[in-house]
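S.K.:
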Amino acid sequence: MGGLSSENGAGRSVHAQLQSEIIKRKRADSIIHTYNKSFLGFAARLSDGEAKSIAQRSGVVSVFPDQVSQLHTTRSWDFLWSQSAHFRFDSKPTSSPSVSDWSNGADTIIGILDTGIWPEHPSFNDKFMRPIPPRWKGECKPGNYSIPFKCNKKLIGARYYVDPNEEGHNVTARDLEGHGTHVASIAAGRHVWGGASYYGLAQGIPRGGSPESRIAAYRVCAPEAKECPDSSLLKAFDDAIADGVDVISISIGPDPKENSAITSIDIGSFHAVEKGITVVCSAGNDGPVPMTVVNVAPWLLTVAATTIDRDFETDIVLGGKKKTIIKGGGINFSGLSKSPVYPLVDGRSAGSNQANVTDASNCIPGSLDDRKVQGKIVLCQNKDVLYGATKKFEVLKEQGAIGLILITNYERQVEYTYGTPPTSPIAIVDEGDGALIQFYINSTSNPLATILPTITVLNHKPAPVAAVFSSRGPINVIQNLLKPDIAAPGVDIFGAWRFNDTHLADLGKGTPFFNIISGTSQACPHVSGVAATVKSWHPTWSPSAIKSAIMTTAIQTNNLHAAITKHDGLRATPYDIGAGEISLFGPLCPGLVYETETIDYLQFLCNMGYNTSVVKSIASTVPSNFSCPSNSSPDLISDMNYPSIAVSGLIANGSKTVKRTVTNVGEAYSTYTASVEAPAGMHVQVVPNKLQFTKYVKKQSFQVTFILTTTSKGHLFGSLAWSNWKYKVRSPLVVNNV
């Protein structure tokens, strides 16, 4: 999608001519979307031959198919507050809002690209809010859904983009899924002072990270399919940029298997960042497999997911003289007796004569004998990939079983609501506890058990932990750039929900106003809320300065004052959590920032293999004399002025030197000293190792030289920090010598 500028007359001419030709050859409705507010382009129905022909035309940047991307708080903000408490507050913002505004993101505008929003939710009330900022240029499209849609001083804009020719289309920005409402409330939901819970769980006063920010909702995803077409995403970017948002939060991403170097999200966000808008994206939910991280363009702020210190515990009580309590997971409102009076059987023992042992152990539908599970709680493995807990329980319930205990390390890390309604007696245990239950069954003539309703447990330790599902680095197409950038809470997050979701309703009770779900989708808006707050403190800061402030002040330790770990107990690496867990206060006064200019991003595109004409077509602010260097190479990506450093291709005793420049945003007269945590097998040298700033010298450059001293292959991790009496500006270091 080409850049839009006053000088791009030729681009406008090509754009108009191509659309005119398509309309003449085909029907007028062949053009689905036109992008002409913030960049030039269009989405159209074309044959393969027509697409190839257009791609060869002069002035055309790219032609690609309209693929789809996937959708990827009472406690989480309190937890981040406690983790961030060591940061100081004695720096001054560059503007003069009230003290309360500094922490609330007053009058910043967050654009949410998602499934829409439920406007009547109390998280989006506008009581006592100031008038809408006059710089807002957007609109509130009412649509034609049966429930009228209205905006207010909190929810100041709403648009929708689903193709009207697609089956099941609803012409409304109203959220008919729930996901968009949830993420919007995490980023900027207002305090619900009366308190809220999910049927008694997660009780508290919900709020978003930037409760006084305004919200603009852009519904880019189909309500049922949970798919988000590229054409809709690009149109939403086009509108959001022109509307005047400050931050774009997008909890959506492509399939990592189909993840190319440049995606529609990358293209739309490039134009947003050019216009000073910070774009925050989820990293994906395909972990813990390496090389699954998505949304990896350097102008994006890419967010991984971590746990918080709240757990939802579903206890299993085993019978016998001395009753044993197993602490399981899963969210349910079981109505079973609190005493272990229900027969307990494992799937292997309940298999039908026709089923093989593996299928029976995993309780594959059709593998168990009705007579052997009737009236019993069934213990099942979960090593198959076809059937989840809900499906297994639905079949077991039809066979007469009264409960399910599922053994899975993966799902024990993340609490889900199983069954419809959630009264279904389902508990999740890890393999260790599953072995204990199996031993009890094998060693008891009449094994008995019960499943208790879920309870909320606070101050759970350790936390944070890298979420098992969070997509991991390194990037599969770029070796010299670290992603994800940062981590934030994304497990068991409480947030607003659409009012009419009967699937989540407890029996005999109304539909819930809030829901508990997990994903990097939930981590992303935590960072968006912080970014909006930083923007309200420092309205002149660029997106790269805000990103740098967030990354270089990230938290490295958990609530046990030890290094943050992964779900398996091993220390988390930058491939898991980027620079670390986001801090609430550190980004407001980071001391130094790494400014990544548009020219850096243009050179990144050159190093990725794009030629000068294509790069010039993409950007709207490219210098007229710009050209890709003749020595452009992926190896040079390491030299981009980024808050983290990643290098690759080193051989034993080989070296590589990269350059960085920092800008002083703290006290005018200050001195910083470098300190390095170098991994075994690597020598790291910083020159100079002291940086001095004055009111006349605000930028300083330095070089970092990596010398590999080992012959073993692998990924090495360390850190570089610039520190003085007040600030510590930390960057992760990654060396890939695979």
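The numbering of the sequence shown is our numbering, which starts it at 466 and goes up by one. From the three backbone atoms N, C-alpha and C, an ideal C-beta is built for every residue, glycine too.
#1: From Leu1101 to Asn945, what does the alpha carbon distance come to, in whole angstroms?
#2: Asn609 by DSSP, collapsed to three states: which one?
#3: Does DSSP put Cys616 in a helix, a strand or coil?
#4: Does the distance from the CB of Lys1000 to the CB of Asp572 come in under 7 Å?
#5: Could you pull the start and end residues of the beta strand (DSSP E) that Gly643 belongs to?
#6: On a Cα-Cα basis, can you pick out the residue from Asp708, Gly793 and Pro587 that is closest to Gly603?
#7: Give me the Cα-Cα distance between Lys1164 and Ile1015, rounded to the nearest whole angstrom.
#8: Is the beta carbon of Asn827 sitting closer than 7 Å to the one on Gln846?
#9: So the beta strand (DSSP E) Thr1171 belongs to, where does it begin and stop?
#10: What residue range does the beta strand (DSSP E) around His1180 cover?
#11: Runs of 4 residues minimum, wholly inside the stretch 690-741: which ones carry the alpha helix (DSSP H) assignment?
#12: Tell me, to the nearest whole angstrom, how far the beta carbon of Leu1011 is from that of Ile982; I am working on the premise that it is less than 8 Å.
#13: Which residues in the same chain as Gly800 place their Cβ atom closer than 7 Å to its Cβ, once the five residues preceding and following it in sequence are excluded?
#14: Is Ala770 closer than 7 Å to Ser714 when the C-beta atoms are compared?
#15: Taking Cβ to Cβ, would you say Trp601 is nearer than 7 Å to Asp640?
#16: Label Lys1031 either buried or exposed according to how many other C-beta atoms from any shown protein chain fall within 10 Å of its C-beta, with 16 as the threshold for buried.
#17: With DSSP as the reference, label Gln846 as helix, strand or coil.
#18: Taking its Cβ as the centre, do 16 or more other Cβ atoms sit within 10 Å of Asp835, making it buried, or is it exposed?
#19: With respect to 6 Å, is the separation between the Cβ of Glu1060 and the closest non-hydrogen atom of the ligand SAM below this value?
#20: So, is Thr1176 buried or exposed, given that buried needs 16 or more other C-beta atoms within 10 angstroms?
#21: Please report how far the alpha carbon of Ile727 lies from the alpha carbon of Pro1039, in whole angstroms.
#22: Hey, could you find the ends of the alpha helix (DSSP H) Val1141 is sitting in?
#23: Between Phe589, Lys606 and Pro929, which lies nearest to Arg672 when the distance is taken from Cα to Cα?
#24: Can you list the beta strand (DSSP E) stretches of 3 or more residues lying completely in the stretch 968-1011, in chain order?
#25: Write down the C-beta distance between Cys766 and Ile951 rounded to the nearest angstrom, noting that I regard them as a contact closer than 8 Å.
#26: Please classify Gln819: does DSSP put it in a helix, a strand, or coil?
#27: State the Cα-Cα distance for the pair Val768 and Ser832, rounded to the nearest angstrom.
#28: Is it true that the stretch 1183-1200 meets the stretch 1141-1148, where meeting means three or more beta-carbon pairs spaced less than 8 Å apart?
#29: Would you call Thr1061 buried or exposed, if buried means 16 or more other Cβ atoms sit within 10 Å of its Cβ?
#30: Does the beta-carbon of Leu1198 have 16 or more other beta-carbons within 10 angstroms, so that it is buried, or is it exposed?
#31: Tell me which residue opens and which closes the alpha helix (DSSP H) that Cys1071 is part of.
#32: Here's the rule I'm using: 16 or more other beta-carbon atoms within 10 Å means buried, otherwise exposed. How should Phe593 be labelled?
#33: So who's on the other strand from Pro1147, going by DSSP bridges?
#34: Taking the beta carbon of Arg595 as the centre, do at least 16 other beta carbons fall within 10 Å, making it buried, or is it exposed?
#35: Within a Cβ cutoff of 6 Å, which residues of the same chain sit near Leu686, ignoring the five residues on either side of it in sequence?
#36: Tell me the rounded alpha-carbon separation between Ala928 and Val636.
M.R.: Let me spell this out:
#1: Here residue 1101 corresponds to residue number 636 of the sequence shown, with the count starting at 1. Here residue 945 corresponds to residue number 480 of the sequence shown, with the count starting at 1. Going by the C-alpha atoms only, they are around 8 Å apart.
#2: Walking along the sequence shown from the start, residue 609 turns up at place 144. Residue state, collapsed to three classes: coil.
#3: The count along the sequence shown starts at 1 and reaches residue 616 at position 151. If DSSP states are grouped into helix, strand and coil, Cys616 belongs with coil.
#4: As a first step, residue 1000 is located in the sequence shown; it is residue number 535 there, counting from the start. As a first step, residue 572 is located in the sequence shown; it is residue number 107 there, counting from the start. Here Lys1000 is not near Asp572, since their CB atoms are 7 Å or more apart.
#5: To locate residue 643, count along the sequence shown from 1; it is residue 178. Membership of Gly643 in any beta strand (DSSP E) is not indicated, and neither H nor E is assigned to it by DSSP.
#6: Translated into the one-based positions of the sequence shown, residue 603 becomes position 138. Residue Asp708 holds the alpha-carbon nearest to the alpha-carbon of Gly603 among Asp708, Gly793 and Pro587.
#7: Walking along the sequence shown from the start, residue 1164 turns up at place 699. Walking along the sequence shown from the start, residue 1015 turns up at place 550. Rounded to whole angstroms, the gap between the alpha carbons of Lys1164 and Ile1015 is 19 Å.
#8: Walking along the sequence shown from the start, residue 827 turns up at place 362. Walking along the sequence shown from the start, residue 846 turns up at place 381. Yes, these two residues count as a Cβ contact at 7 Å.
#9: Residue 1171 sits at position 706 when you count from the first residue of the sequence shown. Per the sequence presented here, residue 1171 reads as Phe, with Thr not at that position. From DSSP, the beta strand (DSSP E) with Phe1171 extends over Lys1164 to Leu1173.
#10: Walking along the sequence shown from the start, residue 1180 turns up at place 715. Counting along the chain, the beta strand (DSSP E) containing His1180 begins and ends at His1180 to Ser1188.
#11: Unbroken alpha helix (DSSP H) stretches of 4 residues or longer found wholly inside the stretch 690-741: 695-708 and 729-739, given in chain order.
#12: Within the sequence shown, numbered from 1, the residue matching residue 1011 stands at position 546. Within the sequence shown, numbered from 1, the residue matching residue 982 stands at position 517. Going by the sequence as given, residue 1011 is Ile instead of Leu. Actually they do not touch by this definition, with Cβ atoms about 27 Å apart.
#13: In the sequence shown, counting from the first residue as 1, residue 800 sits at position 335. Result list for Gly800: Thr888, in chain order.
#14: Reading the sequence shown from its first residue, position 249 is the one you call residue 714. Reading the sequence shown from its first residue, position 305 is the one you call residue 770. Annotated as distal: Ser714 and Ala770, with beta-carbon spacing of 7 Å or more.
#15: Counting from one through the sequence shown, the residue named residue 601 turns up at place 136. Counting from one through the sequence shown, the residue named residue 640 turns up at place 175. No; because the gap between Cβ atoms is not below 7 Å, this pair is not in contact.
#16: On the sequence shown, residue 1031 is found 566 positions in, with the first residue counted as 1. Residue burial annotation: Lys1031 is buried, with at least 16 other C-beta atoms found within 10 angstroms of its C-beta.
#17: For the purposes of this step, residue 846 is taken as the residue at position 381 of the sequence shown. In this structure, Gln846 counts as strand in the three-state DSSP scheme.
#18: As a working mapping, residue 835 is identified with position 370 in the sequence shown. By the Cβ neighbour-count rule, Asp835 is exposed, with fewer than 16 other Cβ atoms within 10 Å of its own.
#19: Ligands in the displayed structure: none, and consequently the ligand SAM is not present.
#20: For the purposes of this step, residue 1176 is taken as the residue at position 711 of the sequence shown. Counting of Cβ neighbours within 10 angstroms places Thr1176 among the exposed residues, the total staying below 16.
#21: Numbered from 1 along the sequence shown, position 262 holds the residue referred to as residue 727. Numbered from 1 along the sequence shown, position 574 holds the residue referred to as residue 1039. Approximately 22 Å between the Cα atoms of the pair.
#22: Counted from its first residue, the sequence shown places residue 1141 at position 676. Membership of Val1141 in any alpha helix (DSSP H) is not indicated; the residue belongs instead to the beta strand (DSSP E) covering Ser1135 to Glu1142.
#23: Taking the first residue of the sequence shown as position 1, residue 672 is located at position 207. Taking only the C-alpha atoms, the option nearest Arg672 is Phe589.
#24: Whole beta strand (DSSP E) segments, 3+ residues: 979-982.
#25: As a first step, residue 766 must be located in the sequence shown, where it is residue number 301. As a first step, residue 951 must be located in the sequence shown, where it is residue number 486. For the sequence presented, residue 766 should be read as Leu rather than Cys. That belief holds up - the Cβ atoms of Leu766 and Ile951 are roughly 7 Å apart, short of 8 Å.
#26: Translated into positions along the sequence shown, residue 819 becomes position 354. Secondary structure at Gln819: coil, using DSSP grouped into helix, strand and coil.
#27: Residue numbering aside, residue 768 sits at position 303 when the sequence shown is read from its first letter. Residue numbering aside, residue 832 sits at position 367 when the sequence shown is read from its first letter. CA-CA distance, Val768 to Ser832, rounds to 41 Å.
#28: As far as the Cβ criterion goes, the stretch 1183-1200 touches the stretch 1141-1148, which means the pair count is three or higher.
#29: Residue 1061 sits at position 596 when you count from the first residue of the sequence shown. Buried.
#30: On the sequence shown, residue 1198 is found 733 positions in, with the first residue counted as 1. Per the 10 Å Cβ criterion, buried.
#31: Numbered from its first residue, the sequence shown carries residue 1071 at position 606. Taken as a continuous stretch (DSSP letters only), the alpha helix (DSSP H) holding Cys1071 covers Thr1063 to Asn1072.
#32: Taking the sequence shown and counting its residues from 1, one reaches residue 593 at position 128. Counting Cβ neighbours within 10 Å, Phe593 comes out exposed, since fewer than 16 surround it.
#33: Counting from 1 along the sequence shown, the entry for residue 1147 is found at position 682. The sequence as given places Met at residue 1147; Pro does not occur at that position. DSSP, once it has assigned bridges, lists Leu1173 as partnering Met1147.
#34: Looking up residue 595 in the sequence shown gives position 130. When all chains shown are included, Arg595 counts as exposed.
#35: For the purposes of this step, residue 686 is identified with residue 221 of the sequence shown, where counting begins at 1. As written in the sequence, residue 686 is Cys, which differs from the Leu given in the question. Apart from the 5 residues on each side of it in sequence, Cys686 sits with its Cβ closer than 6 Å to the Cβ of Thr580 and Cys693 in its chain, given in chain order.
#36: Here residue 928 corresponds to residue number 463 of the sequence shown, with the count starting at 1. Here residue 636 corresponds to residue number 171 of the sequence shown, with the count starting at 1. Near 42 Å, if we compare the C-alpha coordinates of Val636 and Ala928.
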